[in-house]
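Scroll down for the structure; my scribbles are underneath it.
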Amino acid sequence: MLDNLKMLHDAIVSGLRAKIAGMECIDAYPKLGRKIPTPCVVIELSEMEPGHDPGTGQTSLIGRFQARAIVDPLVDGADLGVRELGARVAQAIHGETWEVPVTPAKLVQIAEDPFRPELDVYLVWLVEWTHEFDLGDVMPPFPPGGSVVVWGVDPQTGQGHETAYWNAGRAQEPA
Numbered sequence: 001m002l003d004n005l006k007m008l009h010d011a012i013v014s015g016l017r018a019k020i021a022g023m024e025c026i027d028a029y030p031k032l033g034r035k036i037p038t039p040c041v042v043i044e045l046s047e048m049e050p051g052h053d054p055g056t057g058q059t060s061l062i063g064r065f066q067a068r069a070i071v072d073p074l075v076d077g078a079d080l081g082v083r084e085l086g087a088r089v090a091q092a093i094h095g096e097t098w099e100v101p102v103t104p105a106k107l108v109q110i111a112e113d114p115f116r117p118e119l120d121v122y123l124v125w126l127v128e129w130t131h132e133f134d135l136g137d138v139m140p141p142f143p144p145g146g147s148v149v150v151w152g153v154d155p156q157t158g159q160g161h162e163t164a165y166w167n168a169g170r171a172q173e174p175a
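Anchor point for the sequence shown: position 100 equals 100 in UniProt numbering, and the numbering is continuous, going up by one each time.
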């Protein structure tokens, strides 16, 4: 069971660190506005939509994740390097479940990312993928037995009028 989104984010970061050897900077939601060590891969959950309801009381979601491969443009071979890093990220996420209860990663796109103004001084490629997952506890089964639903007509309801009620599963007896 996936308890929360942090559990999934931590698993993705750990999994990428294990699969992309030699990368010192792989993180989720880094603080921007400071110098970013490059090369770097940063991940975030960009959106969620309803998934296929499992009927268990859990909330089923399809999460769209984004990884940005970031390279300093002043490094020799940066243009090809950022694409290579993007391809490595795609290779690392392909079919991955990160050892948590999510569907295998489904690649959506790999492309240049010109839409992050805070990263304008870097070369950035975007890798997007989705996972479907269920959040929360499974609802326990409804307890057997229980109580009986009875009907009454106002003003003959409440304490002292119990004999005026009738069982909801039976027709009302004529008065």
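Glycine is no exception: its CB is placed at the ideal position from the N, C-alpha and C atoms.
On a predicted model such as this, the values are computed, not experimentally measured, just so you know.
Beta-carbon spacing of residue i, residue j below 8 Å
| i | j | result |
| --- | --- | --- |
| L126 | P73 | no |
| F65 | W129 | yes |
| I36 | I70 | yes |
| I93 | L80 | no |
| D134 | P50 | no |
| G57 | V149 | no |
| L2 | P101 | yes |
| G86 | I110 | yes |
| T59 | G158 | no |
| H41 | I20 | Residue 41 is actually Val in this sequence, not His. Result yes, Cβ atoms of V41 and I20 sit closer than 8 Å. |
| E47 | Y29 | no |
| W98 | G15 | yes |
Residue i - containing beta strand (DSSP E), residue span
| i | result |
| --- | --- |
| I36 | First-last for I36: undefined, no H or E at that position. |
| residue 196 | The first residue shown for the chain is 1 and the last is 175, placing residue 196 beyond what the model contains. |
| S46 | 40-50 |
Coarse secondary structure for residue i, derived from DSSP in three states
| i | result |
| --- | --- |
| G22 | coil |
| M139 | coil |
| V71 | strand |
| V121 | coil |
| A111 | strand |
| Y105 | Before going on, a small fix: residue 105 reads as Ala here, not Tyr. DSSP places A105 in coil when its eight states are reduced to three. |
| E162 | helix |
| V13 | helix |
Identified DSSP bridge partners for residue i
| i | result |
| --- | --- |
| S60 | D134 |
| A28 | I43 |
| W129 | F65, L107 |
| V150 | N167 |
| L5 | DSSP output for L5 lists no bridge partner at all. |
Whole-number beta carbon distance between residue j and residue i, since they are thought to touch under 8 Å
| i | j | result |
| --- | --- | --- |
| H131 | A90 | About 15 Å separates the two Cβ atoms, so there is no contact after all. |
| D113 | R68 | 6 Å |
Any non-hydrogen atom of the ligand FAD closer than 7 Å to residue i Cβ
| i | result |
| --- | --- |
| P104 | As far as ligands go, the structure on display features none, and thus does not contain the ligand FAD. |
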